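Numbering follows our numbering, with no gaps: position 592 of the sequence shown is 973.
Glycine included, C-beta positions come from ideal geometry on N, C-alpha and C.
This one's a predicted model, so the numbers in the text were calculated from it and none came from an experiment.
Quick notes on the structure that follows.
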Amino acid sequence: MVGAEADNIQDVSTFNIAIVGLGPKGFYAFERLVAQLNAGAIQHPVAIYLFNQNPFFAAGNVYRPDQASYLLMNYANKNINCWTDEPPSSVLDSRHDFVSWLKNINESPTAVKEDGFASRAMVGSYLMEGFSDLCHHLPENIQVVKHISTVTGIEKKGDNYRLFTEGEAQNKLPAFNKVLLTTGHLGCGAGFLENKKKGRFIDFIYPTDLALASIEMGAKVAVKGFGLTSIDAILALTEGRGGKFKSEDSGKLTYITSGKEPGKIYPYSRTGLPMMPRTGTEEDKLPLGFFTKENIASLISEKPASFEKNLLPLLIKEFTYSYYRLLFKKYRWRLLYYSEFERISEQIEPFHKAYPQAERFNWEKLVDPFAGQSALSHSVLLNYMEILLMEAEKGPEKSPLSAVLGRWRKISDIFNEIYSFGGLDADSHRLFDGYYFNLFNRMAYGPPVKNFKKLLALSEAGLVDLNFVRGTEFVVDKGSGTYGFLRTENKRELAIDYLINARIPRNNERVVAGTLYHSILQNGLGRKFTNSSGGTYTPGCMDINKQGQIIAKEGSVQEGIALYGTPTEGLTLDNDTLSRKRNNFASHWAEEVALAVKLNESVNNCIENET
């Protein structure tokens, strides 16, 4: 039984489980739980309550299928699969990865590209169909109860838990034996401005058709952030308002205005640098040579490590080798690999003597090609973006720069092993979260080439103005005139009508906990994690053990509440992905819950036999 028909399950013999947040991660956990319960041949009734803020169960907010088609993934089609081959097998026999699913619904299956990027809406439809199919093949003893509501608090009652939701009678909810939280970030999105004028500050852009609807044509719009969310906001205000992109024979795009766009859009960010575009070819085939498990094994066993002392040198060696392997190839040279980096360096110098025109690898230039410049002009940024696009289109097998950018995607899994659960010393942990995380995201997880071309076309058309992209702050107007000003370091000011926050919030030490996590902290059910290795740093996430279970205020394990996905960010790394393998707490949680249900069933059977 699925949905409202099952709303009043109060049978004390029923084992009640809650999954709060039914986006992809919640769906993955739900699928594993059903598989474990089925494999355990459990007969007693189990009720699984699924809480989601909207009706798009399994898609959540990020992949909701009612979004515009121009809002693209930056995760290649071939990487998306909502199913797993790990035991026990799913209760659903017929399962499709995303590419197979696309081919099944496409009139021209051969047009589906494994290396392509689908819309987030299309991925949402795939996830929701998988969820629906699973719900229609549940064992008879499993009931699913869907709640479209926001969970605002948790309270412990004996060995069980009560959940509190917005605008819902609490007597409809039973006491829960187990709870899994797969929500968004810890914070409530407390704004970066203390003074907000109603309707002029947009703190979250999704769904874009609703969030940005109030911005009138001709308005001057500032966008804080220059990453993926910024591009989505810019496209929503242009293509989303009827503008068209025309493709030239060269592959370049030009923009044809609809007349309904804002007057100008002004992105700005801390670095002022765009994310580097990417194709669906994730990385070159070169195996890691320096940042390997073998080379960091001692650092993992002897945690904590210093990022800049122990790890960054290995990263730079990895990037250098990747760069020169392709650069040598371009000049018909061959770079020989040696585990001793000095022997790599010995090959590089003769090469540059032979080809002085070949650009050297420069880590500092890769980090910031405009270091020392407090401001950047529109034309300078435009030229830089064209270079990035050209290199991205060559791909990681032909462009040394693209090869370097793809290295982090190959390295990140190994790095996560040392990062997780306080593997860096406190100062390194703070430094990585505050600086290097964003750097590597900008390098490795940028937008698809298609959307980067659109951003270029809008910039060339003058709708996107890049003159304030660096060295700029927003100042609220305290008078009765415009909303505020963009102000550069040299005191140049520009009046602005609207401000959009195009940054996705992350757990951090300054975050204000949202109502749900505030309740957990206030009731002592959990505490924030603090890294005390060689200093003190609080990344903002809840403290959990390596099984994902929350650590209570006094230090005991809260076995009934577990986290998975984004809420673990800060203790784990890079959870904003559709990967089922990355920081997979779901499988352990499902197995542990199934064992608890089995034990409960055995106890109930004994009681029934005695009576």
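Here's a check: name, in chain order, each residue in its chain whose Cβ is nearer than 7 angstroms to the Cβ of residue 570, leaving out the five neighbours to either side.
No answer about residue 570 holds up, because its pLDDT of 38 lies below 50 and its placement is not dependable.
Start-to-end residues for the alpha helix (DSSP H) that takes in residue 408
405-420
Quick check: the region 423-431 against the region 510-530, are at least 3 beta-carbon pairs closer than 8 angstroms?
yes
Would you mind reading off the limits of the alpha helix (DSSP H) that contains residue 764?
759-775
For residue 939, count the other beta carbons within 10 Å of its own beta carbon; 16 or more makes it buried, fewer makes it exposed. Which is it?
buried
Under 8 angstroms, with one C-beta from each stretch per pair, do the region 629-646 and the region 676-684 reach the 3-pair mark?
no
Tell me the DSSP secondary structure of residue 586 in three-state form.
coil
Residue 504 versus residue 491 - alpha carbon distance
19 angstroms
For residue 500, three-class secondary structure by DSSP:
strand
Which whole-angstrom value describes the C-beta separation of residue 964 and residue 953, a residue pair presumed to lie in contact below a C-beta threshold of 8 angstroms?
4 angstroms
How many Å lie between residue 701 and residue 725 at the Cα?
9 angstroms
Residue from 777, 657, 948, 688 with nearest C-alpha to residue 747:
657
So the candidates are 913, 675, 904, 929; which of them puts its Cα closest to the Cα of residue 537?
904
For the alpha helix (DSSP H) that contains residue 790, what are its first and last residues?
781-800
Three-way DSSP call (helix, strand, coil) for residue 677 in this model:
helix
By the DSSP assignment, the beta strand (DSSP E) with residue 853 in it spans what residues?
853-857
Going by DSSP, what residues sit across from residue 811 in a beta bridge?
Bridge partners of residue 811: none, in fact.
Since residue 899 is in the beta strand (DSSP E), which residue starts that stretch and which ends it?
Taken as a continuous stretch (DSSP letters only), residue 899 belongs to no beta strand (DSSP E), being part of the alpha helix (DSSP H) at 896-903.
Name the two residues that bound the continuous beta strand (DSSP E) containing residue 733.
Looking at the DSSP string, residue 733 is not in any beta strand (DSSP E); the run it does join, the alpha helix (DSSP H), is 722-735.
How far does the alpha helix (DSSP H) with residue 430 in it reach, from first residue to last?
Element bounds for residue 430: not the alpha helix (DSSP H) but the beta strand (DSSP E), 427-433.
Using beta-carbon positions only, say whether residue 433 and residue 414 come within less than 9 angstroms of one another.
no
Helix, strand or coil: how does DSSP classify residue 454 here?
coil
Segments assigned alpha helix (DSSP H), at least 4 residues, entirely inside the region 630-691:
674-682
Going along the chain, which residues of its own chain have a beta-carbon closer than 7 angstroms to the beta-carbon of residue 595, five neighbours each way excluded?
580
Note the first and the last residue of the continuous alpha helix (DSSP H) segment covering residue 943.
Run containing residue 943: none in the alpha helix (DSSP H); it sits in the beta strand (DSSP E), 938-944.
Could you check whether the region 639-649 touches the region 756-769, counting it as contact only if at least three pairs of C-beta atoms, one from each stretch, sit closer than 8 angstroms?
no
Mapping the DSSP letters down to three states, classify residue 446 as helix, strand or coil.
coil
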